[in-house]
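The next block holds one structure in the form of C-alpha cells; read it before the comments.
Protein chains: 2
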Amino acid sequence: MGRWEPGARGRLAQVALELYAERGYEQTTVGDIAERAGVTERTFFRHFPDKREVLFDGSGTLQSMLVAAIAQAPADRAPLEVVGEAFAPIGRLLGETRDHAVRRAAVVAANPSLMERELLKMATLATAAATALRERGTPAVTATVAAEAGVTAFRIGFEAWIAGPEEGDLAADIAAALDELRALASGT
Amino acid sequence: MGRWEPGARGRLAQVALELYAERGYEQTTVGDIAERAGVTERTFFRHFPDKREVLFDGSGTLQSMLVAAIAQAPADRAPLEVVGEAFAPIGRLLGETRDHAVRRAAVVAANPSLMERELLKMATLATAAATALRERGTPAVTATVAAEAGVTAFRIGFEAWIAGPEEGDLAADIAAALDELRALASGT
DNA sequence: CTTGGTGATGTCAGTTGCTGTCATCACTCA
DNA sequence: TGAGTGATGACAGCAACTGACATCACCAAG
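Listed below in C-alpha cells is the structure:
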C-alpha cells in the first residue's frame, strides 16, 4: 500500500471506542484519537465527518440489510410482521459481536451527545423502512406507523438484550417488545 | 430593573428563530443572534447551554404537563389510552400558537443537527412518561412500550398537523396515529 | 445617607471541533 | 521513465463554548 500503515480508518474507529470508554467522550480529544492511531487529526476528519460518527460506521450496512429484508418479505405478510422479521438478519449480525455491542452501548448511553446521534440513526432507519414498505404496496400512513413501531421495538429489544445475560437472544427480545405492543394495542 | 433592557432571554430565543429561518441554522453565528438581541455572545451562553437549545425552551413545560396529565388520569384507564389522552392539554397549548410551531418545525426539519436535539427531547419525554405510568402501577415493560408508542403517535400526529390546513386539530391527528397503530397491531 | 451585597452583564483569553488549501510521497500504469 | 492518483501531513483560520474577573444598577441594613 502506501508509505503509511494501512487500515487507518479501522484503527481510528477502534481507538476512539477505547478512549471514549477509558476517559469518557468529552474528555477525549480528536487529537488524542489520531495520535494513538498514528495519524493526524486532519486524517480523522477525512474518514469521519465528526467526532461522534466514528461510533456509527456500521449504520449504513444496518439500513441496507433492513431495507433488503423488507423488500424480500413474502407479499402476504402484514406490515408489522414484515418489519419485525426484517430485524432478524440484523439480530444475527449483532449477535456475533455482543461484546463490542455492549461496550459501544455503554459509551453511547453515557453521553447525551452520542445518544442524539443514535436517535437520529434510528429515525433514519425508520424512514428507510417506511419507504421500503411503501414500495411493496403498504399505504403511506400505515407504512410510517409500522416502521416507527418496528424500530421502537428494535430499540427496546436491543436494550433488553444488552442488559441481559450473555446467552440472550436479540431476535427474541425484539419479538417480545413487539408482542407487548400488540397486547397493549388490543387491550385498550 | 437593570441598566440593560430586560427580557434578554426571550429576545434571544425570538431572534434566534428569526435568523435560523432567514439564513439557515449553520449560516447563523451566535454572535449574530446576540448582536441583534442587543447583548454579548457570552450572555447567550449564560441563558442557553448551546446554539441549539435556544429553540427548545418550552420542552420542560411540555414534559411537566405530560407527566401531570398521566398522574391525574383515572385509575381504570388502559396505559395506551392514558398516554394518548395525556397529550390533549399539550395539543391545546400548541394549538394556540400554530404559526410559531410551523415556523419552528420548518427550521428544525431543515437541519439534522436540530433534528437530533428534537429526537433527544422526544426520548426524554418518553422516559418521563414511562416513569409516570409506572408510578400509577403500570408494569415496567408495559410502561416503556406504551410511553414510546404514545410519543411516537405524538410525533406523527404533530407532523400531520403541521403539514395540514390551518384549522387542523392536533389532538385529532395524534388520536388518528394511535388508531392506526391499534389497527396495525390487531391486524397482524 | 452610606455601605455592602447581589444579580445580570461585559470583557478577554483560551481550548477544541471542524474546514480549506497546498505540499508531499509511495504506488501505478502507460 | 515520467505523468497521474490517492492518501496523508502541515498550516492557517473560523466558530462554538468555557473560565475568570471586572462592572454597575439595584436593594437592604445600618
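Chains A and B, in that order, are what the protein sequence lines are.
So the number in the numbering used here is just where the residue sits in the first sequence, counting from 1, plus 6.
So the number in the numbering used here is just where the residue sits in the second sequence, counting from 1, plus 6.
C-beta atoms are modelled at their ideal positions from N, C-alpha and C, and glycine is treated no differently.
All values derive from a computational prediction rather than experimental measurement.
Taking 8 Å as the cut-off, decide whether the C-beta atoms of residue 129/B and residue 125/A are in contact.
Looking up residue 129/B in the second sequence gives position 123. Looking up residue 125/A in the first sequence gives position 119. Yes.
Kindly indicate if chain B contains any beta-carbon less than 8 Å away from that of residue 35/A.
Your numbering for residue 35/A matches position 29 in the first sequence. No, no contact with chain B.
List the residues of chain A whose Cβ lies closer than 8 Å to the Cβ of residue 71/B, in chain order.
Looking up residue 71/B in the second sequence gives position 65. By Cβ distance, chain A contributes nothing, its closest Cβ being about 22 Å from residue 71/B, past 8 Å.
Using the Cα positions of residue 46/A and residue 25/A, report the straight-line distance between them to the nearest angstrom.
For the purposes of this step, residue 46/A is taken as the residue at position 40 of the first sequence. For the purposes of this step, residue 25/A is taken as the residue at position 19 of the first sequence. A direct Cα-to-Cα measurement between residue 46/A and residue 25/A gives close to 16 Å.
I'd like to check one pair, residue 151/B with residue 186/A: are the Cβ atoms closer than 8 Å?
To locate residue 186/A, count along the first sequence from 1; it is residue 180. To locate residue 151/B, count along the second sequence from 1; it is residue 145. Yes; because the gap between Cβ atoms is below 8 Å, this pair is in contact.
Would you mind telling me which residues of chain B sit closer than 7 Å to residue 102/A, beta carbon to beta carbon, in chain order?
Along the first sequence, read from residue 1 onward, the residue named residue 102/A stands at position 96. By Cβ distance, chain B contributes nothing, its closest Cβ being about 26 Å from residue 102/A, past 7 Å.
In the DSSP assignment, the alpha helix (DSSP H) including residue 179/B goes from what residue to what residue?
For this step, residue 179/B is matched to residue 173 along the second sequence. Residues 176-193.
Would you check whether the ligand PLP has a heavy atom nearer than 7 Å to the C-beta of residue 30/B?
Ligands in the displayed structure: none, and consequently the ligand PLP is not present.
Exposed or buried, which one is residue 158/B when buried takes at least 16 other CB atoms within 10 Å?
Here the question's residue 158/B lines up with position 152 in the second sequence. Answer is buried; the Cβ neighbour count reaches 16.
Taking C-alpha atoms, which residue in 34/A, 39/A and 93/A lies nearest to residue 21/A?
The count along the first sequence starts at 1 and reaches residue 21/A at position 15. The shortest C-alpha separation from residue 21/A is found at 39/A.
Could you spell out the range, first to last residue, of the alpha helix (DSSP H) harbouring residue 93/B?
The residue you call residue 93/B lines up with position 87 of the second sequence. Per DSSP, residue 93/B belongs to the alpha helix (DSSP H) from 85-101.
Relative to the C-alpha of residue 44/B, which candidate in 85/B, 57/B and 19/B has its C-alpha closest?
Within the second sequence, numbered from 1, the residue matching residue 44/B stands at position 38. If we check each option's Cα against that of residue 44/B, 19/B comes out closest.
Assuming residue 93/B and residue 180/B are in contact, meaning their beta carbons sit under 8 Å apart, how far apart are those beta carbons, in whole angstroms?
Taking the second sequence and counting its residues from 1, the one referred to as residue 93/B is at position 87. Taking the second sequence and counting its residues from 1, the one referred to as residue 180/B is at position 174. Sure, about 5 Å apart at Cβ, within 8 Å.
With respect to the alpha helix (DSSP H) encompassing residue 127/B, which residues constitute its N-terminal and C-terminal limits?
In the second sequence, residue 127/B corresponds to position 121, counting from 1. 118-141 is the extent of the alpha helix (DSSP H) around residue 127/B.
Are the beta-carbon atoms of residue 139/B and residue 72/B separated by less than 8 Å?
Position 133 of the second sequence holds residue 139/B. Position 66 of the second sequence holds residue 72/B. No, they are not a contact pair.
I need the boundaries of the alpha helix (DSSP H) containing residue 67/B, first residue and last residue.
Position 61 of the second sequence, counting from 1, holds the residue named residue 67/B. From DSSP, the alpha helix (DSSP H) with residue 67/B extends over 65-78.
Between which two residues does the alpha helix (DSSP H) harbouring residue 26/B extend?
For the purposes of this step, residue 26/B is taken as residue 20 along the second sequence, with counting starting at 1. Looking at the DSSP string, the run of the alpha helix (DSSP H) that includes residue 26/B is 14-29.
Taking C-alpha atoms, which residue in 169/B, 77/B and 171/B lies nearest to residue 142/B?
In the second sequence, the residue the question calls residue 142/B occupies position 136. Per the Cα distances, 77/B.
Less than 8 Å between C-beta atoms, sequence neighbours within five positions excluded: which residues of the same chain meet that for residue 91/B?
Sequence index remark: in the second sequence, residue 91/B carries index 85 (1-based). Excluding residues within five positions, the ones whose Cβ falls inside 8 Å are 75, 79 and 83.
Could you check if residue 148/A is buried or exposed, using at least 16 other CB atoms within 10 Å of its CB as the buried criterion?
In the first sequence, residue 148/A corresponds to position 142, counting from 1. Burial call: buried.
Using the C-alpha atoms, what's the distance from residue 96/B back to residue 174/B?
The residue given as residue 174/B occupies position 168 in the second sequence. The residue given as residue 96/B occupies position 90 in the second sequence. Each residue's alpha carbon lies about 15 Å from the other.
Using a Cβ-Cβ cut-off of less than 7 Å, give me the residues of the region 135-157 of chain A that come near chain B, in sequence order.
147, 148, 150, 151, 152, 154 and 155
Per DSSP, what kind of secondary structure is residue 110/A in: helix, strand or coil?
The count along the first sequence starts at 1 and reaches residue 110/A at position 104. DSSP places residue 110/A in helix when its eight states are reduced to three.
Taking CB distances under 8 Å as the criterion, tell me whether residue 92/B reaches chain A.
Within the second sequence, the letter at position 86 stands for residue 92/B. Not an interface residue.
Please classify residue 32/B as buried or exposed, where buried requires at least 16 other C-beta atoms within 10 Å of its C-beta.
By 1-based counting over the second sequence, the position of residue 32/B is 26. Per the 10 Å Cβ criterion, exposed.
If the cut is a Cβ gap below 7 Å, which residues of chain A does residue 191/B touch?
Counting from 1 along the second sequence, the entry for residue 191/B is found at position 185. Near residue 191/B (Cβ distances below 7 Å), the residues of chain A are 86, 187, 188, 191 and 192.
Shortest alpha-carbon distance to residue 135/A belongs to which of 66/A, 23/A, 107/A and 30/A?
On the first sequence, residue 135/A is found 129 positions in, with the first residue counted as 1. Checking every option, the nearest Cα to that of residue 135/A belongs to 66/A.
Could you list which residues in chain A have their beta carbon closer than 7 Å to that of residue 183/B, in chain order?
As a working note, residue 183/B is residue 177 in the second sequence. Those within 7 Å of residue 183/B in chain A are 151.
What does residue 77/B touch in chain A if you count any residue whose Cβ is under 9 Å from its own?
Taking the first residue of the second sequence as 1, we reach residue 77/B at position 71. What residue 77/B touches in chain A: nothing, since even the nearest Cβ is about 19 Å away.
Taking Cβ-Cβ distances shorter than 8 Å, what residues in chain B pair up with residue 122/A?
By one-based count along the first sequence, residue 122/A stands at place 116. Residues of chain B passing the Cβ test: 122, 123, 125 and 126.
Taking C-beta pairs closer than 7 Å, name the residues in chain A that residue 39/B reaches, listed in chain order.
For the purposes of this step, residue 39/B is taken as residue 33 along the second sequence, with counting starting at 1. For the C-beta of residue 39/B, not a single chain A residue is nearer than 7 Å; the gap to the nearest is close to 21 Å.
Can you check which of these residues, 99/B, 102/B and 69/B, is closest to residue 89/B by C-alpha distance?
Working through the second sequence from its first residue, we reach residue 89/B at position 83. Nearest option by C-alpha distance: 69/B.
Less than 8 Å between the C-beta atoms of residue 191/A and residue 111/B, yes or no?
For the purposes of this step, residue 191/A is taken as the residue at position 185 of the first sequence. For the purposes of this step, residue 111/B is taken as the residue at position 105 of the second sequence. Contact flag unset, no.
DSSP on residue 144/B, reduced to helix/strand/coil?
Within the second sequence, residue 144/B is the residue found at index 138, counting from 1. Coil.
Residues of chain A with a CB under 8 Å from the CB of residue 129/B: which are they?
Here the question's residue 129/B lines up with position 123 in the second sequence. Going along chain A in sequence order, the residues near residue 129/B (Cβ under 8 Å) are 121 and 125.
Cβ atoms of residue 183/A and residue 113/A: under 8 Å apart, would you say?
The sequence position of residue 113/A within the first sequence is 107, counting from 1. The sequence position of residue 183/A within the first sequence is 177, counting from 1. Not a contact, by the Cβ cut-off of 8 Å.
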